[in-house]
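Residue numbers (our numbering), protein chains in the order written: chain L, -9 to 503; chain S, 477 to 816.
Here is the structure we will look at, set down as structure tokens.
And the structure:
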């Protein structure tokens, strides 16, 4: 087999920042080649250079041995390169077939569209690569996994031989991930070259043939996937040894603090999102909710934090130390000692155009200790910000003037956690996706802080779509499926099964799908 | 280019480009742009009377500019400064006319201004309520409320409050009038500039403190920047929408102090003359920042009055073209700046 893509001496600078420096890499034809690295390591920039979206400051790109100078993705597409972006580029109210032929209609302006032949091709590809899809389905009715299959079909229609996937599993359910991997393998077996960008180590080790690790704009190493273990890979990515699993000392839960009894939630559209949901959380324990997204997690959060939209109906009860949480607004709920990190950080937890300091008090700005006159006490604010920055290892030099948007996702999340974990008098901490989009180095810090909070006797509700995270942190685990708990693992079971993670994951997986 | 420098650079570039384009138009009309701008300069800030006229216009422009700018910080586009000013002026004129003539100046002026602010605030609040309670887009609501304000004031004036055979209300009591600067200091020769010119920069300063130095402003800007997050932060976003619209309306109503208490001393049909709409331009050029509005209002004050002074040579409509081009350029350059 030949070399599909070769880059040599590629550098790309944005202002003073070097996104790629002197990168040389060969990607073999007919392999799945993964590019791994933390956020900002330069993986995206490198693939954008290959795809013609970004022009390198220096260096050369060769496709199948020929030097190329792409000035736009159009050139790359003509050279047989395709890319599936993290955010799909589909027209929601057109059908699958129409989306697939869009921009490649194979008909003149006023000619009839060759719908039949296109449908036939879709069906053939579907058989060859496991891309089951109804060509007449309207895209807006498809699941995320199906939308991704449409994107892959688009590449096949354009006869792409080299396919770039940018974080393809971020939005998929576990079973969809399995299916995607099967598709990737069959594409490879038909001679296609797959470039996979990801930061999930398990997936890389499962599906990739070759792995290139990037850090700070450089390639640290390229090796066959079979020759490396997960801890070694993590170490290469971060540049130091990382604890992939936080030490979770035995929990000694106290009194029951949160009591949820027969909680129901009917959305404004009349869908039943939660149904007879019951569980409780004791002081000093972490209750993990495992589940595929969309099984009622968001609604549970909304119900517990007073953020229901008008028209939705909540039934049943949720009490904290005997006081009901239902029907109160977020301000009243925080006063009862509840703290929350929302699932969607950028939409709900922070104001990106505010400074780091301003974000560190966001939602806590009514606390009197920060006040001075009609505004805030800048001295106290600065001291508090400095303390949080050092305690949570936040990369930020000037909290009072630096905007939050200038920080990486991991550092933004640490700010949210620092703020919420340090609220005075919390008795219930709700953590939704606490490490989403966060680098593995930062995950370690965040997990340690969560365990620390548990040791202080706080009741913690952990909602995460990462089973590893649920297993690593939880004292008890509830498996959420279609709005109610299908199974609960007791503390003894969790402690016992934590040591055989792979089997435990599989077992949980049975209860949530 | 950093955010700070582009904030200053973009308006200046827009003004210069607009002046260049208008020079071309003047040349096409067959006049010498240098001569026109020179004449304009002499007739405005080049003379005592002209300076007074510019200050007079600037005073109202600052207030209507603020009326647009504050809601803008909450991502609300208040097109209704004109209607809010109209209602405020009418309310102040009625109040000023019915007050007992023996009332001393300070309470008389205060009462008139409060009624103006109150009427303006109500008019803004109405748009806010329509938005929060019924989801009516505030642009549509404020435009409609402008028509309604015009209709109501027109009807009340013609059928109930106009003095016989005139188109204006009874003059306000003497104590409620705000003295002209020229009558006290002799500055600005007989121009309509009056002491309320001192108030409006104070209002701008107050708005700046509220927006950027107070907890209220912290919540208000958060509501504008990220409403979903604001709700998570326990902020009552509906309340801030109502507050922004009514405080903005109050600022527009305050304009009555300048054009009515300080100048006309009664309400007459058409006395606001669309200055509320120029407020939109003032706010946009200033990037909705309360302090930059002072400069922006000064620029528009010169154009508004300067246009009149050179009307003998070129139609004053050209200056409306300059105003409009400036605003379009500010918006276009800002969009371009974000992409770079």
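Cβ atoms here follow ideal geometry from the backbone N, Cα and C, with glycine treated the same way.
None of these values were measured; they are calculated from a predicted model.
Taking a beta-carbon distance threshold of 8 Å, residue 6/L does not count as an interface residue toward chain S.
Using a Cβ-Cβ cut-off of 8 Å, residue 609/S does not count as an interface residue toward chain L, since no Cβ of chain L sits closer than that to its own. For residue 255/L, the enclosing beta strand (DSSP E) covers residues 246 to 256. Taking the CA atoms as reference points, residue 14/L sits about 7 Å from residue -4/L.
Spanning the alpha carbons of residue 646/S and residue 576/S requires a straight line of approximately 14 Å. Rounded to the nearest whole angstrom, the C-alpha separation of residue 94/L and residue 88/L is 10 Å. The beta carbons of residue 238/L and residue 441/L sit closer together than 8 Å.
The Cβ of residue 705/S sits closer than 8 Å to at least one Cβ of chain L. Counting only Cβ-Cβ distances below 7 Å, residue 365/L has contacts in chain S at 689, 690 and 691, in chain order. Given a length threshold of 4 residues, each whole run of the alpha helix (DSSP H) inside the region 265 to 341 of chain L is given here in chain order: 287 to 294 and 320 to 325.
The beta carbons of residue 345/L and residue 392/L sit closer together than 8 Å. Within chain S, the residues 702 and 705 have their CB atoms less than 9 Å from the CB of residue 340/L, given in chain order.
The beta carbon of residue 710/S sits closer than 8 Å to some beta carbon of chain L. Residue 471/L and residue 704/S have their C-alpha atoms spaced approximately 27 Å apart. Residue pairing from DSSP places residue 200/L in a beta bridge opposite 23/L and 214/L.
The alpha helix (DSSP H) runs of length 4 or more contained entirely in the region 394 to 474 of chain L are, from start to end of the chain, 399 to 411, 430 to 445 and 457 to 463. With a threshold of 8 Å between beta carbons, residue 698/S makes contact with chain L.
Excluding its 5 nearest sequence neighbours in each direction, residue 21/L has C-beta neighbours in its own chain below 7 Å: 178, 183, 199 and 200, listed in chain order. Residue-level contact check: residue 409/L does not touch chain S, since none of the beta carbons of chain S fall below 8 Å from its beta carbon. If you check each beta-carbon in the region 296 to 314 of chain L against every beta-carbon of chain S, the ones closer than 7 Å belong to 297. Against residue 488/L, chain S offers no close residue; the least beta-carbon distance is about 32 Å (beta-carbon pairs closer than 8 Å). No residue range can be given for residue 580/S, since it is assigned to no alpha helix (DSSP H) and is classified by DSSP as neither H nor E. With fewer than 16 other beta carbons inside 10 angstroms of its own, residue 518/S counts as exposed. Listed along chain S, the residues sitting closer than 8 Å to residue 352/L by beta-carbon distance are 698, 705 and 709.
Chain S has a Cβ within less than 8 Å of the Cβ of residue 319/L. One thing to note: residue 379/L has its Cβ no nearer than 8 Å to the Cβ of residue 423/L. Under DSSP, residue 647/S shares a beta bridge with no residue.
A distance below 8 Å between beta-carbons, with the five flanking residues on each side excluded, links residue 329/L to the following residues of its chain, in chain order: 410, 411, 413, 416, 418, 419 and 420.
By the neighbour-count criterion, in which 16 or more other beta carbons inside 10 Å mark a residue as buried, residue 202/L falls on the buried side.
Annotation for residue 156/L: the continuous beta strand (DSSP E) segment containing it runs 152 to 156.
Three or more Cβ pairs closer than 8 Å define a contact, and the region 77 to 92 of chain L meets that threshold against the region 123 to 131 of chain L.
The beta carbons of residue 525/S and residue 726/S sit no closer together than 8 Å. Taking the Cα positions, residue 681/S is about 13 Å away from residue 693/S. Considered as a whole, the region 704 to 762 of chain S harbours 713 to 730 and 751 to 761 as its complete alpha helix (DSSP H) runs of no fewer than 4 residues, in chain order. Taking C-beta atoms as the reference points, residue 649/S and residue 579/S count as a pair closer than 8 Å.
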